[in-house]
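Here the sequence shown is numbered in numbering that gives the first Met the number 0, starting from 0 and rising by one per residue.
This report concerns only the one structure given below.
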Amino acid sequence: MITGAVERALEEHGGDAEAATEALVKQAIPNGMELFEATRVGGNYEHTVYPETLEFLRKKTKDGVDEIWEGRHKWENTQLTERLLDGVTVSVTALDTNASYLSAFKTHLPIGGLRHDPDGGFDPKRSGIYRLPERPTWNHPELPDPIGNRRETGPVLLDGATIRLLIRCHKLGLCAPPHITESWTSGATEGLLEKFRRVLTEARNTAITNGDDITLEYIKAMYSKFVSTIGESSVNRDIRRPDWMHIIRSQAFANLWFKAHRAHKHGLTIVRVRGTDELHITGDTDWRTVFKEGRLTTELKIKDQYTLPRSRKSGH
0 MITGAVERAL
10 EEHGGDAEAA
20 TEALVKQAIP
30 NGMELFEATR
40 VGGNYEHTVY
50 PETLEFLRKK
60 TKDGVDEIWE
70 GRHKWENTQL
80 TERLLDGVTV
90 SVTALDTNAS
100 YLSAFKTHLP
110 IGGLRHDPDG
120 GFDPKRSGIY
130 RLPERPTWNH
140 PELPDPIGNR
150 RETGPVLLDG
160 ATIRLLIRCH
170 KLGLCAPPHI
180 TESWTSGATE
190 GLLEKFRRVL
200 TEARNTAITN
210 GDDITLEYIK
220 AMYSKFVSTI
230 GESSVNRDIR
240 RPDWMHIIRS
250 QAFANLWFKA
260 HRAHKHGLTI
270 VRVRGTDELH
280 ITGDTDWRTV
290 FKEGRLTTEL
300 KIKDQYTLPR
310 SRKSGH
């Protein structure tokens with residue numbers, strides 16, 4: 000389906016790569032949904048496309064947000080910042096994760112509509128949204144907070160991917176287990192998007208090998224627009240799963256957190272962590288002994304190299 004769409008676009012635009020790419024990107028939402036549905040044929044589970052949207056999953060305004068707290072990273076190592084004030088100079092490598100949202104398709108998604116459980120607790124066979132009475136405590140300034148930088152007081156609503164990350168952090172001895180007081184969940188599986196992920200990943204790998212930038216842009220548009228429009232979107236009427244959107248995005252944040260933790264375990268100092276794909280590191284350990292360098296989804300590539308503190312001319 001992917002190769003055929005690219006060939007048709009090139010033919011329709013007389014071989015003009017730029018025009019063909021633009022046309023493919025415009026069709027990425029319906030074509031992506033068609034490919035997703037094709038990968039679900041014969042699947043073990045029949046997912047619910049339009050479950051009832053719970054109030055806390057509704058946007059408060061057209062361009063606003065709902066009440067779910069994602070673990071978005073915008074973190075800096077304050078201990079290192081203090082050392083820089085003392086005159087220390089460090090060389091930093093900014094690493095970039097490839098296709099972070101595509102990798103995040105491998106996550107536990109609720110199959111049906113979410114059902115309320117007022118008694119709390121966590122069932123690993125289920126996924127959805129969880130209420131905690133307060134923000135979990137994080138006491139490790141050398142590592143990014145697994146639930147991001149927000150500091151509001153009071154109860155918080157976290158999705159399944161963030162909860163699983165907190166449970167993993169507890170098993171690593173880094174924090175207390177999440178105190179879940181109530182939840183809204185459904186039976187879950189990691190397999191809902193797995194075939195979709197594999198098809199896109201294999202096509203992406205082939206495009207990289209062939210130097211096929213048109214297909215690469217098309218695939219990127221398909222997976223990124225899938226994530227951004229499966230919540231509440233007027234441009235994708237085929238599905239409305241804001242819970243999936245949050246879980247996939249939070250899985251991307253969690254995947255980056257695990258990379259930061261891995262780098263830290265191997266003796267690297269984490270300088271900054273940004274969004275779903277930026278990991279800034281320093282240290283004597285060669286990062287290539289920790290991660291494989293390249294453009295595949297399992298690899299990292301260099302985005303930038305710089306020295307801290309930066310001069311005024313270099314910015315940042």
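Where a beta carbon is used, it is the ideal one built from N, C-alpha and C, also for glycine.
Note that the structure is predicted; figures quoted are calculated from it, not measured.
For S99, the enclosing alpha helix (DSSP H) starts and ends at S99 to S102. A residue is called buried when at least 16 other Cβ atoms come within 10 angstroms of its Cβ; Q250 meets this threshold and is buried. In the DSSP assignment, R248 falls within the alpha helix (DSSP H) that extends over P241 to K264. Straight through space, the alpha carbons of A253 and E133 are spaced by roughly 20 angstroms.
Contact annotation: I146 and T136 have beta-carbon atoms that are not nearer than 7 angstroms. Counting other Cβ atoms within 10 Å of its Cβ, D65 reaches 16 or more and is therefore classed as buried. Residue range A27 to R39 is occupied by the alpha helix (DSSP H) that includes I28. Under the DSSP assignment, G111 falls outside any beta strand (DSSP E); it carries neither an H nor an E label. For a cut-off of 8 angstroms, the C-beta gap from L156 to W68 is around 6 angstroms, short enough to register as a contact. Boundaries of the alpha helix (DSSP H) harbouring D212: D212 to T228, taken from the DSSP string. Distance from S182 to R130 at the Cβ level is roughly 7 angstroms; contact confirmed, criterion being Cβ atoms closer than 8 angstroms. Apart from the 5 residues on each side of it in sequence, R203 sits with its Cβ closer than 6 angstroms to the Cβ of I218 in its chain, given in chain order.
Per DSSP, R71 lies in no alpha helix (DSSP H) segment and is marked neither H nor E. Between K302 and A93, the CB-CB gap stays under 7 angstroms. Listed as beta-bridge partners of H169 by DSSP are no residues whatsoever. Taking a contact as a CB-CB distance under 8 angstroms, the pair T106 and E189 counts as one, their CB atoms being some 7 angstroms apart. In this structure, DSSP gives V24 a helical state, which the three-state scheme calls helix.
Below 8 angstroms, enough C-beta pairs join the stretch 7-23 and the stretch 203-217 to call them touching: three or more. One alpha carbon belongs to I246, the other to S233, and they sit about 20 angstroms apart. Between L142 and H263, the gap from beta carbon to beta carbon is short of 7 angstroms. For A103, the closest C-alpha among the options G86, R57 and F225 is that of F225.
Distance check between D95 and each of T306, H265, P50 and L255 places L255 closest, using alpha-carbon atoms only.
The DSSP assignment places 125-131, 155-158 and 181-188 as complete runs of the beta strand (DSSP E) inside the stretch 115-201, in order along the chain (cut-off: 3 residues). For the 7 angstroms CB-CB criterion, V40 and I238 do not form a contact. Collapsing the DSSP output to three states places E45 in coil. With distances taken between CA atoms, I207 lies nearest to T296 out of R196, T296, S227 and K61. One alpha carbon belongs to E81, the other to T180, and they sit about 38 angstroms apart. By the neighbour-count criterion, in which 16 or more other beta carbons inside 10 Å mark a residue as buried, P241 falls on the buried side. Per the coordinates, the alpha-carbon of S90 lies some 12 angstroms from the alpha-carbon of T284. For T96, the three-state secondary structure derived from DSSP is strand.
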